[in-house]
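Asker: So that we are looking at the same thing, I have put the structure below in structure tokens.
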Amino acid sequence: MSEVTTKPVIVGIDGSDQAQYAAVWAVEEALRRHAVLKLIYVVRTDLTGTLSASEYEADVDSAKAALAAARTAIAKRNPSVVVETSIAEGSPAGVLLAESPDAGLICIGSSGIGRISRAILGSTAASVAEEAACAVVVVRGAESTVAQHDPLRWIVVPVTRHTEGNRTVITEAIAEARYRRWPMLAVGTHSSHGDNATSDELDRLVADWQRQFPDVHVYPISCDTDMAQFLRNSPDINGLVVLDAGRSTELAQIIGGVTHAHRADLAVLVARENADVRVTHAPARHR
3 MSEVTTKPVI VGIDGSDQAQ YAAVWAVEEA LRRHAVLKLI YVVRTDLTGT
53 LSASEYEADV DSAKAALAAA RTAIAKRNPS VVVETSIAEG SPAGVLLAES
103 PDAGLICIGS SGIGRISRAI LGSTAASVAE EAACAVVVVR GAESTVAQHD
153 PLRWIVVPVT RHTEGNRTVI TEAIAEARYR RWPMLAVGTH SSHGDNATSD
203 ELDRLVADWQ RQFPDVHVYP ISCDTDMAQF LRNSPDINGL VVLDAGRSTE
253 LAQIIGGVTH AHRADLAVLV ARENADVRVT HAPARHR
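My numbering applies: residue 3 is where the sequence shown begins, and numbers increase by one.
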């Protein structure tokens with residue numbers, strides 16, 4: 003692996019399959035950023051208060067087992083990634099938020115992010131995505147027992163009239179598309195804020211991106227729904243949705259859709275200003 007030069011990519015580990023899936027997904031992010039992959043397990047004391055010695059010992063044993071399983075999965079994906087592990091106490095969301103100013107990215111599995119659980123109990127993933135000081139990716143693995151062998155994956159960007167001026171979203175989306183070699187889908191979605199992009203505006207924006215970044219394949223599509231409904235209507239779309247931080251409250255609806263959840267691997271990246279991610283025009287091609 004290249005020399006580590008940037009802030010770590012942090013993954014919240016809780017022993018769930020989705021958290022382990024997020025750890026594996028984060029491997030490419032660590033490689034792209036030349037960063038350490040830091041796995042954090044939080045022993046919860048926010049709900050139960052102080053633990054007895056035996057309870058604490060049992061929870062630490064569970065933490066060690068979950069971290070070891072995540073390490074094994076990461077090594078199978080790419081053994082060159084530098085991995086660090088940590089066990090903390092408190093609220094998972096609180097611990098990850100405290101780490102966020104010194105992180106390049108936080109990755110979390112989508113366990114428990116359904117609409118009802120978010121409304122009643124809250125969700126670590128949703129809370130961190132909305133409040134973190136760095137970019138956040140929430141990852142959901144497909145639950146279908148019949149998975150496509152090699153599905154086409156997209157970088158999906160919801161487009162409004164304000165997207166053109168949002169360099170943070172464009173920077174993240176282009177950097178991800180280039181590294182992963184996935185095409186981009188620019189989706190002109192319906193917005194209740196009245197900032198919907200017309201078909202002509204969407205086409206002009208995509209044409210501009212194609213001129214600036216000719217090495218990335220960008221395709222426009224207009225719809226009359228919001229992003230969550232668009233994905234529910236398109237259950238075959240796999241990949242990464244890139245959102246502006248101002249739209250982070252849409253995360254639960256986007257990634258928690260039951261119909262889409264059972265058919266596709268999907269991650270949502272909430273983009274924030276991050277000095278570790280930069281994008282330039284495509285390099286000149288020599289003939």
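For glycine and all other residues, C-beta sits at the position ideal for the given N, C-alpha and C.
Who are the Cβ neighbours of residue 88 in its own chain at under 8 Å, not counting the five residues just before and after it?
Answerer: Contacts found: 40, 41, 42 and 43.
Asker: Taking DSSP as the reference, what is the three-state secondary structure of residue 184?
Answerer: Residue state, collapsed to three classes: coil.
Asker: Mind checking which residues open and close the beta strand (DSSP E) that includes residue 87?
Answerer: Its beta strand (DSSP E) spans residues 85-92.
Asker: Going along the chain, which residues of its own chain have a beta-carbon closer than 8 Å to the beta-carbon of residue 277, five neighbours each way excluded?
Answerer: Only weak support exists for where residue 277 lies, its pLDDT of 44 falling under 50; the value from the coordinates is given anyway. So the list is empty, once near-sequence residues are dropped.
Asker: Quick check on residue 76: does DSSP put it in helix, strand or coil?
Answerer: Here residue 76 sits in helix by DSSP.
Asker: Does the Cβ of residue 148 have 16 or more other Cβ atoms within 10 Å, making it buried, or fewer, making it exposed?
Answerer: Note on residue 148: pLDDT 41, under 50, position unreliable in the model; no value is reported.
Asker: Specify, as a first and last residue, the run of the beta strand (DSSP E) that residue 141 falls within.
Answerer: Its beta strand (DSSP E) spans residues 137-142.
Asker: Since residue 108 and residue 26 should fall inside the 8 Å C-beta cutoff, what is the C-beta to C-beta distance between them, to a whole number of angstroms?
Answerer: Incorrect: roughly 15 Å between the Cβ atoms, too far for contact.
Asker: Going by Cα to Cα distance, which pick from 211, 184, 206 and 129 is closest to residue 249?
Answerer: Considering only alpha carbons, the answer is 129.
Asker: According to DSSP, is residue 165 helix, strand or coil?
Answerer: Helix, per DSSP.
Asker: Grab me the residues of residue 65's own chain with a C-beta within less than 7 Å of its C-beta, minus the 5 sequence neighbours each way, in chain order.
Answerer: Taken in chain order, the residues that qualify are 43, 45 and 89.
Asker: Among all the DSSP beta bridges, which residues are the ones paired with residue 40?
Answerer: Paired residue(s): 12 and 86.
Asker: Nearest to residue 136 by alpha carbon, out of 12, 112 and 268?
Answerer: Among 12, 112 and 268, the Cα nearest to that of residue 136 belongs to 12.
Asker: Rounded to whole angstroms, what's the CA-CA distance from residue 146 to residue 241? Just pull it up for me.
Answerer: Low confidence applies here, because residue 146 scores a pLDDT of 46, under 50, leaving its location unreliable; read the following figure in that light. Each residue's Cα considered, the two are about 16 Å apart.
Asker: DSSP beta-bridge partners for residue 108?
Answerer: In DSSP, residue 108 forms a bridge with 12 and 138.
Asker: Are the Cβ atoms of residue 190 and residue 199 separated by less than 8 Å?
Answerer: Yes, they are a contact pair.
Asker: So, with DSSP's three-state summary, where would you put residue 190?
Answerer: If DSSP states are grouped into helix, strand and coil, residue 190 belongs with the strands.
Asker: In terms of residues, what are the limits of the alpha helix (DSSP H) holding residue 256?
Answerer: Here the alpha helix (DSSP H) through residue 256 covers 253-257.
Asker: Around the Cβ of residue 9, are there at least 16 other Cβ atoms within 10 angstroms (buried) or fewer (exposed)?
Answerer: So residue 9 counts as buried.
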